[in-house]
Each structure stands twice: as C-alpha cells, then as structure tokens.
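Notes follow the structure.
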Amino acid sequence: MEALVIDRKQSKLRVAPEWADVCFTCGTCAGGCPITGVDGLDPRKAVRMAALGLDQELVDSRFPWICTLCGRCEYACPQGVEILKMLRKARSLRERDKVPGPIHKGVVMDLERGNNLGIPKEDFLFLLADVAKEMDEDEGFPGFYVPVDKKGANILVTINSKEPFGEPDDMKFWWRIFYAAKEDWTVPSENWEGVNWGLFSGDDESMKTLVGRIVEHLERLECKTLLLPE
Amino acid sequence: MHDPCNYGRKSFKTFGDGYFEEPRWITQQCCENYVEMYPTKMNNFCCGAGGGAWAMPYEQERIVYGREKARQIKDTGAKMVVAPCHNCRDQIMKSLNKEYDLGIEVKYLWELVSDSLIVEPWNEEEIKKANELRDAQYERDDVDLDKEW
Chain Z
1 MEALVIDRKQ
11 SKLRVAPEWA
21 DVCFTCGTCA
31 GGCPITGVDG
41 LDPRKAVRMA
51 ALGLDQELVD
61 SRFPWICTLC
71 GRCEYACPQG
81 VEILKMLRKA
91 RSLRERDKVP
101 GPIHKGVVMD
111 LERGNNLGIP
121 KEDFLFLLAD
131 VAKEMDEDEG
141 FPGFYVPVDK
151 KGANILVTIN
161 SKEPFGEPDD
171 MKFWWRIFYA
181 AKEDWTVPSE
191 NWEGVNWGLF
201 SGDDESMKTL
211 VGRIVEHLER
221 LECKTLLLPE
Chain X
1 MHDPCNYGRK
11 SFKTFGDGYF
21 EEPRWITQQC
31 CENYVEMYPT
41 KMNNFCCGAG
51 GGAWAMPYEQ
61 ERIVYGREKA
71 RQIKDTGAKM
81 VVAPCHNCRD
91 QIMKSLNKEY
101 DLGIEVKYLW
111 ELVSDSLIVE
121 PWNEEEIKKA
131 NELRDAQYER
141 DDVDLDKEW
C-alpha cells in the first residue's frame, strides 16, 4: 500500500492533521448522534477519516448525506472540533451529478426558473389569486388578496415551493394572520422561492446567488422585514 | 414544541442567537397545558429529516434517525406537537407519526396561531380599498380568474 501524505494543504476537507490530536476520540459526538452505526460510521470515525487522510473515502461515502447536519455533535464536542463544518464541506466536494436525490436539481431549477419546482410565473400568480378568492368570498376574510410586488410593503414574504405545488391551502395560515393583523406585506412575482437547497447540497456559489435575489427584492420593493417560509 | 436545528442550535452558532423562547411563548398563548420534551433547546434531537434528508433517497435511514425524536414526543404524552419548520413538520406528521404510532396532531407554529385567531372582518371602507388595489394589481399582472385553462 502506498503511504498517504497528510498535510493541511492537501486535505480536501481542509482538516489539519493536528485534529488527530485535538479530537480525544471520546465519542461524545457519536454517542448523541442518531445515525451512529449506520454504514459502520459515526461522527467520531468521520473525523478520524478526515484527519488521517481518507478525505476521498469520506466524500464518496453516504455518511455526509445520511447525516442531517443537525450540529448536535459539534455542539457537544468538548474540544471544539468543527464536525458539522467538515461534513458539509464533504457534501460540497461531491460531484454535482452525484448529489443524492433532487436537491441539486432543485438548485439548478431555482437558478433557471426562480423556484425549486419550476412553477411558471403565470400559474403562480393565478394560484395566489384563486386561493385568495376562497378566503375573500367563502371563509370570512372579505377584502383579502395577495399583494404582489407591492413597493414599500413592510414584510417581503417568500414561499416554500412545495406549498403552491402540492399544499396550496397551507399558504392560508400566514395569510389569515396578515389579514387579522392588517399587515402590509407582499410576495415577489418572480424568484419568490424561500427554500435554499444550496445550503444542503453544499453549493455556496448558488446559495449566494439565491440569497442575493432576496436582497434585491428587499431593495427594489423597499421592504423592511423579510419572512422566510418558517 | 420541537426545536428545529436551523432555528435553534445552528442559528445560535451562526448568529449568536437561537430562537428558543419565542416559539414557546407563542405556543403558550395558544395552548393551556404546555409540556417540554427532554432533552431540549441546544441539546434537542433533530427530527431526522434535516439537511435535505426529507427529499433524499434514504428513507429507511431517515426513519431510523427519527426514532429518538419519536421517543421524545411519545414521552411527553402531549396530544399535539408544534413544528416551526416545514421540513420537521413533514417528517413528524407524514413519517414518524405513522412509523412509530404516535397518534399525534402536528402543526406549524404559524398554523397554531392561525387556528387560534378570532378574526374580525374588515370594515366596508377597508374592503373597498383592498378591492381597488387588488383589481389594479390583477390588471397589471394580467391575472384573470375567469379565464379557461
């Protein structure tokens, strides 16, 4: 077997070999992690892999993806090892066409069409008007409508695309609160996605572009407050 | 109350402030008998669907991951759990509830608020003004609800 050269500069995960000493291998991280043991891995072993030069093996494994990036391991670590940061970095090193599931496709869709599920603008605006009409006419919220691209509104409201796509009535929860509070709010007609899958796919460039769009909305519409889907 | 990792622990780490007290205060304004899970806040367990796992093709792993959350919820004996995150809500309501026989009602935090409202309809003047703004907006955006699809 060929000897591995371990140094900070060569480490794809940007993990210093000193981590091998910094980490006491106490297992506090692994003990509190619900995915410990699946595939024979856990956060402690992942840190060992990275510190001892098995970067590519970790990147190629399922571990960074079945890990939910919840950060409990990193919070509990008595030595301040940045386990969460390391695992997200491992995600970002995965080739884009090998990112599991739809999250990278969602990012590409969002960049191209303004939301993760590719809902066209015309359909979106029609849906907002249609769902709003139910509240206005049948559900005890007379006068309700969804203000779109309203300049000077207090709150800019972004939307999780799963709602217009599959659970449109769930948009009413926030809308009823706005109605009762007589809030001044608005939804952008384009690039209204409030979910940024770049965070999960490990794609900082795209994440930045998508966040930038929301900042643009806030500036263009002169809104003071931002509401993300949660 | 389930503490979503992104608004609690990770928000605290990133911004120096985790949203722990706000959702509890809101929930307690809407519900009489509030029960905490254990452990909670910074030590809370992830629902199991974080990091995009709800959308990823690792269903079995996601369900196994969620067993700790399911146990936490069951141990409270509560009838309803508030999940202030889309992802956590879907995992608890659509997956854990079924897989672990929790038999529990699951609500978004804003859904709980919405359901607790007693709404007074706007007065005629407010309705008239809103209708005018709405009509102007639909005209501008070419939104026609009577259009055939």
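Protein sequence lines, in the order shown, are assigned to chains Z and X.
Numbered by the numbering used here, the letters in the first sequence go through residues 1 to 230 in order.
Numbered by the numbering used here, the letters in the second sequence go through residues 1 to 149 in order.
Heads up, the beta-carbon is just placed ideally off N, CA and C, and yes, glycines get one too.
Just so we're clear, the structure is a prediction, and the values are computed from it rather than from any experiment.
Contact list for residue i against chain Z, beta-carbon separation under 8 Å
i              : result
E68 (chain X)  : P34
G50 (chain X)  : T68, L69 and C70
C5 (chain X)   : T68, L69, C70, G71 and R72
A130 (chain X) : G143, F144 and Y145
Q28 (chain X)  : Simply none; closest approach about 17 Å.
F20 (chain X)  : Neighbours of F20 (chain X) on chain Z: none; closest Cβ ~13 Å, over 8 Å.
H86 (chain X)  : N160, K162, V195, P229 and E230
Delimiting residues of the beta strand (DSSP E) encompassing residue i
i              : result
I26 (chain X)  : Here I26 (chain X) belongs to no beta strand (DSSP E); instead the alpha helix (DSSP H) covers E21 to C30.
K107 (chain X) : E105 to K107
Cross-chain neighbours of residue i in chain X, by beta carbon under 7 Å
i              : result
W197 (chain Z) : G52
D204 (chain Z) : The contacting residues do not exist; D204 (chain Z) stays about 14 Å from chain X at best.
D130 (chain Z) : L145
K133 (chain Z) : L145
V148 (chain Z) : Q137 and D141
Under 8 Å from the C-beta of residue i: neighbouring residues of chain X
i              : result
P142 (chain Z) : P121, W122 and I127
S201 (chain Z) : G52
S299 (chain Z) : For chain Z, the structure presents residues 1 to 230; residue 299 (chain Z) sits outside this window and is missing.
Exposure label - residue i; buried when at least 16 CB within 10 Å
i              : result
S116 (chain X) : exposed
D21 (chain Z)  : exposed
K98 (chain X)  : exposed
T68 (chain Z)  : buried
W25 (chain X)  : exposed
A225 (chain Z) : Sequence check: residue 225 (chain Z) is Thr here, not Ala. That one is exposed.
V143 (chain X) : buried
T14 (chain X)  : exposed
Y75 (chain Z)  : buried
P232 (chain Z) : Because chain Z is modelled from 1 through 230, residue 232 (chain Z) falls outside the range shown and cannot be assessed.
R220 (chain Z) : exposed
P229 (chain Z) : buried
First and last residue of the uninterrupted alpha helix (DSSP H) at residue i
i              : result
L117 (chain Z) : Note, L117 (chain Z): premise wrong, no alpha helix (DSSP H); not H, not E.
V22 (chain Z)  : W19 to V22
L226 (chain Z) : Per DSSP, L226 (chain Z) belongs to no alpha helix (DSSP H); it is in the beta strand (DSSP E), T225 to L227.
I214 (chain Z) : D204 to R220
S201 (chain Z) : G198 to S201
E61 (chain X)  : E59 to Y65
K150 (chain X) : One cannot answer for residue 150 (chain X) here, as it falls past the ends of chain X, which runs 1 to 149.
H2 (chain X)   : That residue, H2 (chain X), is in no alpha helix (DSSP H); it is neither H nor E in DSSP.
A76 (chain Z)  : R72 to A76
S92 (chain Z)  : I83 to S92
R89 (chain X)  : H86 to D90
Integer-rounded CB distance, given that residue j should sit under 8 Å from residue i
i              : j              : result
V15 (chain Z)  : A50 (chain Z)  : 4 Å
T27 (chain X)  : V106 (chain X) : Not confirmed; about 13 Å, so no contact.
G52 (chain X)  : F24 (chain Z)  : 31 Å between Cβ atoms; not a contact.
Y65 (chain X)  : P102 (chain Z) : Between P102 (chain Z) and Y65 (chain X) the Cβ distance is about 19 Å, and since that is not below 8 Å, they are no contact.
L145 (chain X) : K133 (chain Z) : 6 Å
V35 (chain X)  : G77 (chain X)  : 7 Å
P4 (chain X)   : C85 (chain X)  : 4 Å
Three-state secondary structure assigned by DSSP to residue i
i              : result
I159 (chain Z) : strand
W175 (chain Z) : helix
M80 (chain X)  : strand
W185 (chain Z) : strand
E124 (chain X) : helix
E2 (chain Z)   : coil
E193 (chain Z) : strand
V99 (chain Z)  : coil
V146 (chain Z) : coil
V59 (chain Z)  : helix
P64 (chain Z)  : helix
L41 (chain Z)  : coil
K13 (chain X)  : helix
C33 (chain Z)  : coil
L133 (chain X) : helix
K147 (chain X) : coil
E139 (chain Z) : coil
L112 (chain X) : helix
S199 (chain X) : Residue 199 (chain X) cannot be examined here, being either before or after the span of chain X that is shown, 1 to 149.
Per-residue contacts from residue i into chain Z (C-beta, under 7 Å)
i              : result
A55 (chain X)  : G101, P102 and I103
Y108 (chain X) : F173
S95 (chain X)  : Residues of chain Z passing the Cβ test: none, with the nearest at roughly 13 Å.
E111 (chain X) : F173
M42 (chain X)  : Y75
R134 (chain X) : Y145
Amino acids of chain B, ordered along the chain, whose beta-carbon sits closer than 8 Å to that of residue i
i              : result
L117 (chain X) : Included in the structure are the protein chains Z and X, with no chain B among them.
Contact test: residue i Cβ vs the ligand FAD heavy atom, cutoff 6 Å
i             : result
K98 (chain Z) : The ligand FAD is not part of this structure, which contains no ligands at all.
Under 9 Å by beta carbon: chain Z residues contacting residue i
i              : result
S114 (chain X) : K172, F173, W174, W175, R176, I177 and A180
F166 (chain X) : Residue 166 (chain X) is absent from the model: chain X starts at 1 and stops at 149.
K13 (chain X)  : G71, E74, Y75 and L84
E154 (chain X) : Outside the shown range of chain X, which is 1 to 149, sits residue 154 (chain X), and nothing can be said about it.
Interface partners of residue i on chain X, CB under 9 Å
i              : result
L125 (chain Z) : Y138, D141, D142 and V143
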